[in-house]
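**Student:** Read left to right, the sequence shown gives residues 130 to 785 (our numbering).
Yeah, the Cβ is synthetic: ideal placement off N, Cα and C, and Gly gets one too.
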Amino acid sequence: MTTAEHRRPAAIGRIAVAGVEPVVEHGDRPAKSVVGEEFEVTATVFREGHEAVGATVVLTDPRGQEHAVRMRRVNAGLDTWSATVSADRPGLWSYRVEGWSDPYGTWHHDAVIKVGAGVDVELMLEEGARVLERAAAESGTKELTDAIAALRDRRLVPEARLAAGTSADLETHPLREHVTASREHPWLVERERALYGAWYEMFPRSEGAHVDAGSGRWVSGTLRTAAERLEAVAGMGFDVVYLTPIHPIGRVNRKGRNNALLAEPSDPGSPYAIGSSDGGHDTVHPDLGTFDDFDAFIARARELGLEVALDLALNCAPDHPWVAEHPEWFTTRADGSIAYAENPPKKYQDIYPLNFDNDPEGLYAEILRVVRLWLAHGVTIFRVDNPHTKPLWVWERLIADVAADRPETVWLAEAFTRPPMMHALARVGFQQSYTYYAWRHGRDELQQYLSELSGPAAAYMRPNFWPTTHDILTPFMQRGGPATWKMRAALAATLSPSYGIYAGYELMERVARPGAEEQIDNEKYEYKDRRWAEHADGSTLAPYLSRLNEIRRAHPALHRLRNLRFHVADNDHILVFSKARRLSGRDDVIVVVANLEPELSRDSWVHLTMPDLGLSWDDSFIAHDLITGEHWTWSQHAFVRLGPDVEPVHIIQVRA
């Protein structure tokens, strides 16, 4: 083969089909959706000359059955075609776009012009009858045979004969010639939880932790006492309870309170420094209980309708069993010591990172064993700590291997890192990703960021919005009062189908450790007894979070990401967006208006793009505030006032 032949592109088909979207990495990796999630497939389809073309997207389900969806031309000048598709079952699907010559469309266009002008009337009507006869040979319906007869019935005036041959009903039986297909593009369809869910994070050791009255020393909570908190979590409407690591914690180089290098004897250490003489990643910390206690926790969560997500942190303390048994799984420095984790200037002397280059197969086999152990005990979701510090092949292989037996498993990437790595993790299999939401506050940056997440990236990457985490407390949240904490939770819960709340958010824990974007007395290094019963008097945001989750469950429009549409407000501090979804014959339409600096009251006119709400430009509607229960009559232009003296956010249900 010559160089020129080697470089020759694939031959173009009789009908040109190009630019199929969504496609991930040129079709080498699957686009993603969940069952019932609608999205647009688009393509450029054209041919030479002026003859009409048509396009169809063909979906192939996991059983090999094909489902054809007729596409519509949405931009004649650019030959862009589009169709809305969805899948009714999970599994690996595929889709292709077929372009085809449309003899009926060509005749229809010419016949309307010529018959209307009295030119070649009988010839045009006979040609129409013959085109429909060819279509009838493939699909002999009564509509086609009646139209053929009418086109040849000279007892009728030409206009009536033409009308019979150009009925809209006939377009449902296209005659397709010169069918040309794009390549098959993979499409992974997953369960709803891969896209939608409300998460609640807890440190199990803090739930039930207390200071012993006799000794003055802390007593750890257990999985049994943590299970007692589940009823409150479910009562607030959360779907997933996420546990930080529950394994033994290293004693060597253990960190003390607020990340102190020296730990006091009673300091529990960071649960991310995993492993001690008590065991490693396949063990329950003795202070928390046993596997029986973990199984009881899982059972109670399921009784309450909660799924359990477990932190998968591939970190090892210096006294983790792997360090002695498999030193090749770590990095040895020039002085013979094992390298601990660093992110200069930060140092993590209590953690040894894994090295996958010395014995990749042995290390991978052990990680897969550990994951399967926890799956066997009822874990359905893994929140993966710092996946961007591990080779991408590890996650691609691990997620695929687990999916072979347990395709319902969901993986969340905790990767606050550079965008290319975040996107790569999503492409290799992670269903969800932490995002930069915590650091996006202004209207322009929120709109730009969400336009990216809900646009092309939504074909493979799903965000999970967290206003705070156990490691993140931004200056914005440190300064904010109740209105700010309400606003950020409401935006997370309505902008993204998946969002998360870290325990203590209800109490607005917002005092930072000096010089750090994290809480003082960080729970990662100590116990916290939040005395939940003492906050039952209303000094908590729990009722507000409950209402947000109640709204989310009741309104399927909020279960989707790609339906996000932004609107206009005169005040730069006011964000306006909507989500709409048609389900079971009804339209669910939500409009959210938020004051992004809610410690100050702000007024603004908002200007709604009415077609995005399923309305005409001159329509009016009842705006029902789902937070306060108030009603107003709104139209394209509406006036709002938001702030600490009212509410920082309107969540509006659009009612006709």
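How would you call Ile141, buried or exposed, if buried means at least 16 neighbouring beta carbons within 10 angstroms?
**Tutor:** Within the sequence shown, residue 141 is the residue found at index 12, counting from 1. When all chains shown are included, Ile141 counts as exposed.
**Student:** CB Ala212 to CB Val198, shorter than 9 angstroms?
**Tutor:** In the sequence shown, the residue the question calls residue 212 occupies position 83. In the sequence shown, the residue the question calls residue 198 occupies position 69. The criterion of a C-beta distance shorter than 9 angstroms is satisfied by Ala212 and Val198.
**Student:** Is the segment 304-311 touching the segment 222-231, taking contact as three or more C-beta pairs under 8 angstroms?
**Tutor:** yes
**Student:** Would you kindly work out how many angstroms separate the C-alpha atoms of Ile102 and Glu436, rounded to a whole number?
**Tutor:** This structure gives no information on residue 102, because the portion of the chain shown stretches from 130 to 785.
**Student:** Using only alpha-carbon positions, find the residue among Arg512, Pro159 and His449 that is nearest to Leu483.
**Tutor:** Working through the sequence shown from its first residue, we reach residue 483 at position 354. Nearest of Arg512, Pro159 and His449 to Leu483, Cα basis: His449.
**Student:** Thinking C-alpha only, which one of Tyr589, Leu541 and Ile703 is nearest Ser627?
**Tutor:** Position 498 of the sequence shown, counted from the start, is the residue given in the question as residue 627. For the residues Tyr589, Leu541 and Ile703, the minimum Cα distance to Ser627 belongs to Leu541.
**Student:** Taking the alpha helix (DSSP H) that Gln577 falls in, what are its first and last residues?
**Tutor:** As a working mapping, residue 577 is identified with position 448 in the sequence shown. It spans Arg572 to Ser583 - the alpha helix (DSSP H) in which Gln577 sits, taken as one unbroken run.
**Student:** May I ask you to verify whether the segment 385-397 touches the segment 454-464, counting CB pairs closer than 8 angstroms and requiring at least 3?
**Tutor:** no
**Student:** Hey, is the segment 396-405 in contact with the segment 362-377, meaning 3+ C-beta pairs nearer than 8 angstroms?
**Tutor:** Result yes; three or more Cβ-Cβ pairs closer than 8 angstroms.
**Student:** Can you check whether the CB of Val170 is closer than 9 angstroms to the CB of Ala145?
**Tutor:** For the purposes of this step, residue 145 is taken as the residue at position 16 of the sequence shown. For the purposes of this step, residue 170 is taken as the residue at position 41 of the sequence shown. Not closer than 9 angstroms, so no.
**Student:** Can you tell me which of the three DSSP states Tyr426 falls into?
**Tutor:** Taking the first residue of the sequence shown as 1, we reach residue 426 at position 297. The sequence shown places Phe at residue 426, not Tyr. Reduced to three states, the DSSP call for Phe426 is helix.
**Student:** When the distance is taken between beta carbons, is Met606 closer than 9 angstroms to Arg639?
**Tutor:** Here residue 639 corresponds to residue number 510 of the sequence shown, with the count starting at 1. Here residue 606 corresponds to residue number 477 of the sequence shown, with the count starting at 1. Cβ atoms of Arg639 and Met606: closer than 9 angstroms.
**Student:** CB-CB under 6 angstroms to Val149, same chain, minus the five flanking residues each way: which ones, in chain order?
**Tutor:** Position 20 of the sequence shown holds residue 149. The answer, listed in chain order, is Ala172, Val226 and Ser311.
**Student:** For the segment 354-371 against the segment 424-431, do three or more pairs of beta-carbon atoms, one drawn from each stretch, fall closer than 8 angstroms, so that the two count as touching?
**Tutor:** The segment 354-371 is in contact with the segment 424-431.
**Student:** Would you say Gly758 lies against chain D (beta-carbon separation less than 9 angstroms)?
**Tutor:** Checking the listed chains, one finds no chain D in this structure; it contains a single protein chain.
**Student:** Is the CB-CB distance between Arg218 and Pro191 below 9 angstroms?
**Tutor:** Indexing the sequence shown from 1 puts residue 218 at position 89. Indexing the sequence shown from 1 puts residue 191 at position 62. In contact: Arg218 and Pro191 (Cβ atoms closer than 9 angstroms).
**Student:** With distances taken between CB atoms, is the gap from Thr538 to Ala567 smaller than 9 angstroms?
**Tutor:** Reading the sequence shown from its first residue, position 409 is the one you call residue 538. Reading the sequence shown from its first residue, position 438 is the one you call residue 567. With respect to Ala567, Thr538 sits apart: the two C-beta atoms are not nearer than 9 angstroms.
**Student:** When the Cα of Ala494 is compared with those of Pro516, Leu527, Glu635 and Arg143, which residue comes out closest?
**Tutor:** Reading the sequence shown from its first residue, position 365 is the one you call residue 494. Checked all of Pro516, Leu527, Glu635 and Arg143; the closest Cα to Ala494 is Leu527.
**Student:** Straight-line CA distance for Glu646 to Leu492?
**Tutor:** Reading the sequence shown from its first residue, position 517 is the one you call residue 646. Reading the sequence shown from its first residue, position 363 is the one you call residue 492. Their backbone Cα atoms lie some 34 angstroms apart in a straight line.
**Student:** Which whole-angstrom value is the C-beta distance of Pro287 and Val244, which I expect to be below 8 angstroms?
**Tutor:** One-based indexing of the sequence shown puts residue 287 at position 158. One-based indexing of the sequence shown puts residue 244 at position 115. 6 angstroms between Cβ atoms; contact.
**Student:** If we count the other Cβ atoms within 10 Å of its Cβ and call it buried at 16 or more, is Ile277 buried or exposed?
**Tutor:** One-based indexing of the sequence shown puts residue 277 at position 148. It counts as buried.
**Student:** For Phe459, which residues in the same chain have their Cβ closer than 6 angstroms to its Cβ, ignoring the five residues on either side in sequence?
**Tutor:** As a working mapping, residue 459 is identified with position 330 in the sequence shown. Correct list, in chain order: Ile467, Tyr481 and Asn484.
**Student:** Measure the C-alpha to C-alpha separation of Ala505 and Thr419 and round it to an integer number of angstroms.
**Tutor:** Working through the sequence shown from its first residue, we reach residue 505 at position 376. Working through the sequence shown from its first residue, we reach residue 419 at position 290. Roughly 15 angstroms between the two C-alpha positions.
**Student:** Give the list of continuous beta strand (DSSP E) stretches no shorter than 3 residues that lie fully inside the segment 683-747.
**Tutor:** 693-695, 703-712, 715-724 and 731-736
**Student:** Pull up the CB-CB distance for Gly772 and Ser730, whole angstroms please, since I reckon it's below 8 angstroms.
**Tutor:** By one-based count along the sequence shown, residue 772 stands at place 643. By one-based count along the sequence shown, residue 730 stands at place 601. Indeed they touch by this definition, with Cβ atoms about 3 angstroms apart.
**Student:** How about the segment 712-728 and the segment 348-358: do they share at least three Cβ pairs that are nearer than 8 angstroms?
**Tutor:** no
**Student:** Does DSSP classify Asp190 as helix, strand or coil?
**Tutor:** Your numbering for residue 190 matches position 61 in the sequence shown. Secondary structure at Asp190: coil, using DSSP grouped into helix, strand and coil.
**Student:** Can you look up Leu492 in the DSSP assignment and give me helix, strand or coil?
**Tutor:** To locate residue 492, count along the sequence shown from 1; it is residue 363. Of the three classes helix, strand and coil, the one that applies to Leu492 here is helix, per DSSP.
**Student:** Tell me whether Gln787 is buried or exposed, calling it buried when 16 or more other Cβ atoms sit within 10 Å of its Cβ.
**Tutor:** In this structure the chain extends from 130 to 785, so residue 787 is not present and cannot be described.
**Student:** Between Gly234, Arg143, Met253 and Pro611, which has its C-alpha nearest Pro672's C-alpha?
**Tutor:** What you label residue 672 is simply residue 543 of the sequence shown in a count that begins at 1. Among Gly234, Arg143, Met253 and Pro611, the Cα nearest to that of Pro672 is on Pro611.
**Student:** State the Cα-Cα distance for the pair Thr416 and Asp368, rounded to the nearest angstrom.
**Tutor:** Translated into the one-based positions of the sequence shown, residue 416 becomes position 287. Translated into the one-based positions of the sequence shown, residue 368 becomes position 239. Here residue 416 is Asp; the residue named in the question, Thr, does not match the sequence. In a straight line, the C-alpha of Asp416 is about 27 angstroms away from that of Asp368.
**Student:** At which residue ranges does the segment 344-428 contain complete alpha helix (DSSP H) runs of 4 or more residues, listed in the order of the chain?
**Tutor:** 352-356 and 359-364
**Student:** I'd like to confirm the pairing. Which residues does DSSP put opposite Asn515 in its beta bridges?
**Tutor:** Taking the sequence shown and counting its residues from 1, one reaches residue 515 at position 386. DSSP, once it has assigned bridges, lists no residue as partnering Asn515.
**Student:** Please identify the residue among Ala265, Gly571 and Glu393 whose C-alpha is closest to the C-alpha of Asp701.
**Tutor:** Reading the sequence shown from its first residue, position 572 is the one you call residue 701. The shortest C-alpha separation from Asp701 is found at Gly571.
**Student:** Mind checking who Ala184 pairs with in its DSSP beta bridge?
**Tutor:** Along the sequence shown, one-based indexing puts residue 184 at 55. For Ala184, which the question treats as bridged, DSSP gives the partners Gly228.
**Student:** Excluding sequence positions up to five away, which residues of its chain have a Cβ less than 6 angstroms from the Cβ of Leu443?
**Tutor:** As a position in the sequence shown, residue 443 is number 314, starting the count at 1. Closer than 6 angstroms at the Cβ level, and outside the excluded window around Leu443, lie Leu483.
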